[in-house]
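The block underneath contains the structure these notes are about, expressed in structure tokens.
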Amino acid sequence: MDTLLAGPAGFALTSVDAYEPLIGSEAVARIRRKADRLRGMHVVNVNSTYYGGGVATILSSLTLLMNAAGIRTGWRVIQGRPDFFSITKKMHNALQGGEINLSRIKREIYESVVFENAVRMHLAHDAVIIHDPQPLPLIRHFRRQAPWIWRCHVDLSHPNAELWAYLAGFVEQYDAVVFSLPEYAQKLTPPQRFIMPAIDPFATTNRDLPESEIAARLKHYDIPTDLPLVVQVSRFDKWKDPQGVIDAFRLARREVDARLVLVGNVATDDPEGQAIFESLCRQHDDRIRILSVQDSAFVNALQRRAAVVLQKSTREGFGLTVTEAMWKGTPVIGGRAGGIRHQIEDGVNGFLVETVPQAAARIVQLLADAPLRARLGAGARETVRERFLMTRLMEEWLDLLGGFETRFQLRANAPAGG
Ligand code: UDP
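Using our numbering, read the sequence shown as starting at 2 and increasing by one per residue.
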């Protein structure tokens, strides 16, 4: 086996120690102890896109932090043609409550592409973590020697019954299932755990940015800063309600002047994004900018410079864009849905809304009241510091992985020389 050179010049991994100023030395020591018990364990994550969307954002940081703590954590991305991802996107929509025509041909394409990926995926790990529905059936193609965990990130508050019945056949084969929230629990035999996602404060999206860099990023995309900015950052996806954002902004504009910037990206496993982006672009005008780019520093700059961030989702597994804006001390108006409700406490560290007029009223209120923005923003940052940093997520995974009787644990506990 080729081994990684230790710390080649100019490259450094963020380790748990870097979080000390944010979470304190006791928490750092506790997490390090838990990680030390699993040092050398070999874990693999499998998902369906390397960028675009929260799962990729989490894996980018969590896998590195785990490796920095000595847990050999890999990340693989399954390959699929557009027809495969068109089917899995329909499944994603149906899991969040949409309709689906689950035809035989769709199931055949889904299952056969996953089989092809299984053939290419040589697994000899101590734990296997499969993310979301796209690679879910992989499990049926392996003679298992390690725990397999299905980590589902979507909003499962109203899953389509027919689709869930079909997918449950695969889910039942897993050793454990992880959902983001207790309200997503399903009737299943495997044990279910609930772990909320978290952000990496040192990632390009979240790290501190000097004013000059913020200004340069906004200038690069021709975003004027003469008026307050109202911002939503999300994939172009109907559940993020981009049309509701535009409608709320237009309503608010009857009373206040501002600019709306709607920024999204298109993930490789989300073939609907481009069409949604194009349909929104018709509404572009002097006060409404709609951009499709993949630029984490730009996201960071916008979330920092915005007077108000919106995340008007109608379904939301968790909503990392909410966490990211809150971390920057920016007040967020979030849809009362899924994980957003677990991050925003209405009136304390942001606002929760259900309708377009409610969102418009909160935009008007926030733009007119700088002290209110500052108070909610300060509460928001503190909420994230306490509950939504990557170290908390890592610790929950360490607890979960440490709880299995894996080959790794057996090896680690074997008598020396035995
Ligand atoms: N994101 C991005 N550029 C964009 C839109 C989103 O980098 O134009 C990132 C965003 O910063 C966040 C993630 O994609 O880290 C979205 O995660 P979230 O949980 O909000 O939603 P999901 O896309 O997973 O439904």
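All C-beta atoms in this analysis are idealised placements derived from N, C-alpha and C, irrespective of residue type, glycine included.
Item	Value
The ligand UDP heavy atom lying under 8 Å from the CB of residue 321	yes
Near the ligand UDP: residue 58 beta-carbon under 8 Å from a heavy atom	yes
Rounded straight-line distance, which links the Cα of residue 147 to that of residue 38	18 Å
Beta-carbon spacing of residue 90, residue 107 below 9 Å	no
Residue 153 beta carbon less than 9 Å from that of residue 134	yes
Contact check, residue 312 vs residue 341, beta carbons under 9 Å	yes
Contacting residues, own chain, Cβ-Cβ under 8 Å from residue 160 (five flanking each side not counted)	95, 96, 97, 98 and 187
Whole-angstrom C-beta distance between residue 402 and residue 55, which should lie under 8 Å	At roughly 21 Å, the Cβ-Cβ gap does not stay under 8 Å, so residue 55 and residue 402 are not in contact.
Near the ligand UDP: residue 236 beta-carbon under 8 Å from a heavy atom	yes
Stretch-stretch touch, CB-based, cutoff 8 Å, three pairs: the region 62-81 with the region 43-53	yes
Residue 132: CB within 8 Å of a non-hydrogen atom of the ligand UDP	no
Three-way DSSP call (helix, strand, coil) for residue 419 in this model	For residue 419, the pLDDT reaches just 40, beneath the cut-off of 50, and the residue's location in the model is therefore unreliable, leaving the point undetermined.
Selection from 170, 306, 298 and 175 that minimises the alpha carbon distance to residue 227	306
Cut-off 8 Å between Cβ atoms - residues of its own chain near residue 418, not counting five sequence neighbours on either side	With a pLDDT of 49 at residue 418, under the threshold of 50, the predicted position of this residue should be treated as unreliable, though the coordinate-derived value follows. For residue 418, where only same-chain residues beyond five positions count, there are no Cβ hits under 8 Å.
Sheet register partners of residue 293 (DSSP bridge)	265
Residue 303 versus residue 269: straight-line alpha-carbon distance, rounded	23 Å
Whole-Å CB distance - residue 175 paired with residue 191, under 8 Å assumed	5 Å
Pairwise C-alpha distance: residue 21 and residue 71	18 Å
Endpoints, the beta strand (DSSP E) within which residue 78 is located	73-78
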